[in-house]
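Heads up, the thing below is written out as structure tokens.
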Amino acid sequence: MTALTLAIHDATTMIGRELKHTQRFPLLLVGTIMVPVVMLLLFDYILGGPIGHGLGNAARGAPYVDFLVPGILLMTVAASCGPTAINVNTDMTGGIIDRIRAMAVSRGALLAGHVGGSVVRTLAATIVVTGVAVLVGFRATASVLDWFAVVGILAALSFALAWLSAALGLVAKSVAGANGSTLPIQFLLPFLSSTFVPADSMPADVRWFAAHQPFTPVVESLRALLTGAPVGSTAYLALAWCAAIAVTSAITISAACSRNRRVTRRVTVATRPSMPSP
Amino acid sequence: MNRPIKNATRTAVSVTGLRKAYGEKIVLDDVDLSIGEGEVFGLLGPNGAGKTTMVRILSTLIPPDAGTASVFGHDLHSEPGAVRSLIGVTGQFSAVDNLLTGEENLFLIGRLLHLAPTERRARAAQLLERFDLVESAQRTPATYSGGMKRRLDIAMTLMGRPRLIFLDEPTTGLDPRSRRTMWQIIRDLAADGVSILLTTQYLEEADELADRIAVLDRGRIVAEGTPEELKRRIPGAHLVLRFADAASLDAAARSLREGSRDDTDLVLRVPSDRGIRSLRDVLARLGDGIAVEDLSIHTPDLDDVFFALTGTPSKEQNQ
Ligand SMILES: Nc1ncnc2c1ncn2[C@@H]1O[C@H](COP(=O)(O)OP(=O)(O)O)[C@@H](O)[C@H]1O
Ligand SMILES: [Mg+2]
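Heads up: the sequence lines are chains Y and G, in that order. Take the first sequence: its position 116, counting from 1, is numbered 116 in the working numbering, and each next residue is one higher. Take the second sequence: its position 163, counting from 1, is numbered 441 in the working numbering, and each next residue is one higher.
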């Protein structure tokens, strides 16, 4: 076998492991679905009236839920950052990463497993969330081709955020810290983009931030694709952001690995202390 | 343990001038060592001495700052892949996947080693049997005891039939019974001809298992030799007799004519290198006339080694 087929074999093994983890411990996946579903219901039923009213032209006459759901899909992808960072950190503090690094296994197979597993999990979550969206009245006017583009953008974002979360999971000192460091991605960035309301309606400095952060082009291309509006170059901007995030994260990870941070930080309790304390 | 010294025709590990520092802190300072093929080498040192750092360098996880190291002739720096395919590492903390069953953990390693499916299953079954894990093979390690987790960890290490195994404090944290089991496992591995680098904080353990011992003190090797050579340099086991008054102490010292006395604590220390026989001897010589208030047997531990070798007691060197 060539080095490439071996690497693919190893990565597939590790993706299989990730999916088995999800099956054994589905709580993380359930969380990834619950967060966007709660947001959907909250914004549609409780805040949807006044927001929809205020939207005016932005919704182009469609109900608020049609404006909201593309943003909810983005939140679904963002919500899986937590589980991914947690899983990577668990492997690091639990010594699994060291175990595999000391084996003749393709470098990067383990993280490829985490990233691949995360993308599969996330896409599964977006299917469920789309189902709930349809139940509460969401109607897309997208063609089959548009749907393919939607899936492509979601997969690209998921891939990029999975690398970013893997980096955050490697850097964090504990599982709780790993999860905490993804919270800005999960909640802050969506709110500071046109996920729930158009960025035009925000104060000037927030508007500036929203216009220059990755989630805005992502959500706007999703929205355009799902509502049949012209997409323009936003989709390319979205994909460029995804590529930039993935590449930067992967480079950071390999740099961090060659700096060889100390990774085992667990403490153990010796049952037989052999030395008197001084 | 009396295993015949093997004629070490090849070297499993060869290390010269190894150094590692974290910032200002020097963790390994000019370490040289060599482990023969089939040898059990004990690296003995207190917490913070640099044992884990040594293992992490030798298992290609971190690079040294200076010095060279090779495993079966393969340089760690230039041929890490070759090194990795020859070694097995069982770290200080069990590195098992807690969401997979015991058997799935072994399968995972087998897949990563690219074993054919039939061989993977056969090897896993054989190791589960060998490490007494057949009953718990279908359960996740969350339900395992510390000793069982350690055994699964070692089984995972053995999936690839390594020729050199690193065991970093394999018995720390285990109850006495699991410790005995682990000792037997290590002896069996040695009997199979596998070379082993074992780190430990317990002199007794190194003595029990190792063909050769190096004592590591704040990153430096302060002594090296067979357990016998090492023990010759430290005070052996002795009996500690305590008396109720000075008169009894005097009488005992007169009739025993050996050992060292401590008049303030009313204690007499008598060498006892022949175990029970020395004890019976001493008691016979004391007779019925002299009342011993308290008697204990002191076997040398890491502290004695350090006191004898460095003049300072061992202490945690974590700071
Ligand atoms: N990544 C690191 N950064 C800073 N100090 C470290 C690092 N790794 C180990 N040390 C220090 O090096 C010393 C030796 O550690 P270690 O090799 O774990 O000792 P042992 O395994 O013998 O207990 C300790 O003082 C420890 O704090
Ligand atoms: Mg250690």
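Even for Gly, the Cβ is constructed at its ideal location relative to N, Cα and C. Keep in mind it's a predicted model, so treat the numbers as computed, not measured.
Under the rule that 16 or more other beta-carbon atoms within 10 Å means buried, what is Y/H212, buried or exposed? Here residue 212 of chain Y corresponds to residue number 212 of the first sequence, with the count starting at 1. Exposed, because fewer than 16 other Cβ atoms sit within 10 Å of the Cβ of Y/H212.
Going along chain G in order, which residues have a C-beta closer than 8 Å to the C-beta of Y/I100? Stepping through the first sequence from its first residue, residue 100 of chain Y is reached at position 100. Those are L390, listed as they occur along chain G.
Just tell me which of G/V305, G/A394, G/V570 and G/L508 has its CA closest to the CA of G/G320. Sequence index remark: in the second sequence, residue 320 of chain G carries index 42 (1-based). The residue with the shortest Cα to Cα distance from G/G320 is G/L508.
Under 8 Å from the C-beta of Y/V171: neighbouring residues of chain G: By 1-based counting over the first sequence, the position of residue 171 of chain Y is 171. The premise fails here: Y/V171 is roughly 17 Å from chain G at the closest Cβ pair, so nothing lies under 8 Å.
Would DSSP call Y/M275 helix, strand or coil? As a working mapping, residue 275 of chain Y is identified with position 275 in the first sequence. Low local confidence applies: a pLDDT of 36 at Y/M275 is under 50, so the model's placement there is unreliable, with the coordinate-based value given in what follows. Here Y/M275 sits in coil by DSSP.
Spatial neighbours of G/I463 within its chain, please: C-beta separation below 8 Å, excluding the five flanking residues on both sides. Residue numbering aside, residue 463 of chain G sits at position 185 when the second sequence is read from its first letter. Within the same chain, G/I463 has close Cβ partners F409, R429 and I432.
Cβ-heavy atom distance between G/D446 and ligand 2 below 7 Å? Looking up residue 446 of chain G in the second sequence gives position 168. Result yes, Cβ under 7 Å from ligand 2.
Y/P230 in three-state terms, based on DSSP: Position 230 of the first sequence, counting from 1, holds the residue named residue 230 of chain Y. If DSSP states are grouped into helix, strand and coil, Y/P230 belongs with coil.
Checking contacts by CB at 8 Å: is G/V493 closer than that to chain Y? As a working note, residue 493 of chain G is residue 215 in the second sequence. Chain Y has no Cβ within less than 8 Å of the Cβ of G/V493.
So if I threshold CB-CB distances at 7 Å, which residues from the segment 104 to 137 of chain Y count as touching chain G? The residues in question are A104 and V105.
Complete alpha helix (DSSP H) runs within the segment 162 to 201 of chain Y (minimum length 4 residues, chain order): Within the segment 162 to 201 of chain Y, the complete alpha helix (DSSP H) runs of at least 4 residues are 175 to 183.
Suppose the cutoff is 7 Å on Cβ atoms and the five residues either side in sequence are ignored; what does the same chain contact list for Y/A156 look like? Position 156 of the first sequence, counted from the first residue, corresponds to residue 156 of chain Y. Closer than 7 Å at the Cβ level, and outside the excluded window around Y/A156, lie L239 and C242.
Whose C-beta lies closer than 6 Å to the C-beta of G/I304 among residues of the same chain, with five residues either side of it excluded? Here residue 304 of chain G refers to the residue found at position 26 when the second sequence is read from its first residue. Hits under 6 Å: G497.
Answer with buried or exposed for G/F385, where buried requires no fewer than 16 other C-beta atoms within 10 angstroms of its C-beta. In the second sequence, counting from the first residue as 1, residue 385 of chain G sits at position 107. So G/F385 counts as buried.
Residue burial classification, G/V293 (beta-carbon count within 10 angstroms, cutoff 16): Working through the second sequence from its first residue, we reach residue 293 of chain G at position 15. Buried: at least 16 other Cβ atoms inside 10 Å.
So what's Y/G16 in DSSP terms, helix, strand or just coil? For this step, residue 16 of chain Y is matched to residue 16 along the first sequence. DSSP places Y/G16 in the helix class (H, G or I) of the three-state scheme.
Leaving out five residues before and five after Y/Q23 in sequence, what residues of the same chain have Cβ atoms less than 7 Å from its Cβ? To locate residue 23 of chain Y, count along the first sequence from 1; it is residue 23. Same-chain partners within the cutoff: there are none.
Could you check whether the Cβ of G/K329 sits closer than 7 Å to any heavy atom belonging to ligand 2? Walking along the second sequence from the start, residue 329 of chain G turns up at place 51. Result yes, Cβ under 7 Å from ligand 2.
Cutoff 8 Å: Y/I253 Cβ touching any chain G Cβ: Working through the first sequence from its first residue, we reach residue 253 of chain Y at position 253. The beta carbon of Y/I253 does not come within 8 Å of any beta carbon belonging to chain G, so the residue lies off that interface.
Between Y/R24 and chain G, is any beta-carbon pair separated by less than 8 Å? For this step, residue 24 of chain Y is matched to residue 24 along the first sequence. Contact with chain G is found for Y/R24, since one of that chain's Cβ atoms lies less than 8 Å from the residue's Cβ.
Helix, strand or coil for Y/A250? Go by DSSP, reduced to three states. Numbered from 1 along the first sequence, position 250 holds the residue referred to as residue 250 of chain Y. It is helical.
Within the continuous alpha helix (DSSP H) that includes G/P395, where are the two ends? Residue mapping note: residue 395 of chain G aligns to position 117 of the second sequence, counting from 1. From DSSP, the alpha helix (DSSP H) with G/P395 extends over P395 to R408.
Specify whether the segment 122 to 139 of chain Y and the segment 63 to 70 of chain Y touch according to this definition: at least 3 beta carbon pairs, one from each stretch, less than 8 Å apart. They touch, by the three-pair rule.
Segment limits, beta strand (DSSP E) that includes G/I575: Counted from its first residue, the second sequence places residue 575 of chain G at position 297. Segment V570 to H576, the beta strand (DSSP E) holding G/I575.
For Y/Q23, verify whether its CB is less than 7 Å away from any heavy atom of ligand 2. Here residue 23 of chain Y corresponds to residue number 23 of the first sequence, with the count starting at 1. It does not: the Cβ of Y/Q23 is nowhere closer than 7 Å to a heavy atom of ligand 2.
Answer with buried or exposed for Y/A11, where buried requires no fewer than 16 other C-beta atoms within 10 angstroms of its C-beta. Indexing the first sequence from 1 puts residue 11 of chain Y at position 11. Under this definition Y/A11 is a buried residue.
Contact set between G/R458 and chain B, taken where Cβ atoms lie within less than 7 Å: Any reference to chain B falls outside this structure, whose protein chains are Y and G.
Quick one: which chain G residues come within Cβ less than 9 Å of Y/G82? The residue given as residue 82 of chain Y occupies position 82 in the first sequence. Those within 9 Å of Y/G82 in chain G number zero; the least Cβ separation is about 17 Å.
Supposed close pair Y/M75, Y/T195 - CB separation, criterion 8 Å: In the first sequence, counting from the first residue as 1, residue 75 of chain Y sits at position 75. In the first sequence, counting from the first residue as 1, residue 195 of chain Y sits at position 195. Sure, about 7 Å apart at Cβ, within 8 Å.
Measure the alpha-carbon distance for G/Q597 versus G/G380 and round it to whole angstroms. Residue 597 of chain G sits at position 319 when you count from the first residue of the second sequence. Residue 380 of chain G sits at position 102 when you count from the first residue of the second sequence. At G/Q597 the pLDDT is 41, less than 50, meaning the model places this residue with poor confidence; the figure from the coordinates comes in the next sentence. Cα to Cα, the separation comes out at about 37 Å.
Is it right to say Y/P217 is buried, meaning 16 or more other beta carbons lie within 10 angstroms of its own, or is it exposed? Position 217 of the first sequence, counted from the start, is the residue given in the question as residue 217 of chain Y. By the neighbour-count definition (other C-beta atoms within 10 Å, threshold 16), Y/P217 is a buried residue.
Identity of the residues DSSP links to G/S312 by a beta bridge: Translated into the one-based positions of the second sequence, residue 312 of chain G becomes position 34. For G/S312, the pairing in a beta bridge is given by DSSP as G/S292.
For chain G, check one thing: does any of its Cβ atoms lie closer than 8 Å to the Cβ of Y/I96? Walking along the first sequence from the start, residue 96 of chain Y turns up at place 96. Answer yes: the Cβ-Cβ gap between Y/I96 and chain G drops below 8 Å somewhere.
Among G/M332, G/T289, G/G345 and G/T330, the one whose alpha carbon lies nearest that of G/G295: The count along the second sequence starts at 1 and reaches residue 295 of chain G at position 17. G/G295 has its Cα closest to that of G/G345, out of G/M332, G/T289, G/G345 and G/T330.
Beta-carbon neighbours of Y/T5, restricted to chain G and to distances below 7 Å: Here residue 5 of chain Y corresponds to residue number 5 of the first sequence, with the count starting at 1. Here the premise fails: no neighbours, minimum Cβ distance about 10 Å.
Please determine whether the Cβ atom of Y/L95 lies at a distance below 7 Å from any heavy atom of ligand 1. Translated into positions along the first sequence, residue 95 of chain Y becomes position 95. The amino acid occupying residue 95 of chain Y in the given sequence is Gly; Leu does not appear at that position. No, the Cβ of Y/G95 stays beyond 7 Å of every heavy atom of ligand 1.
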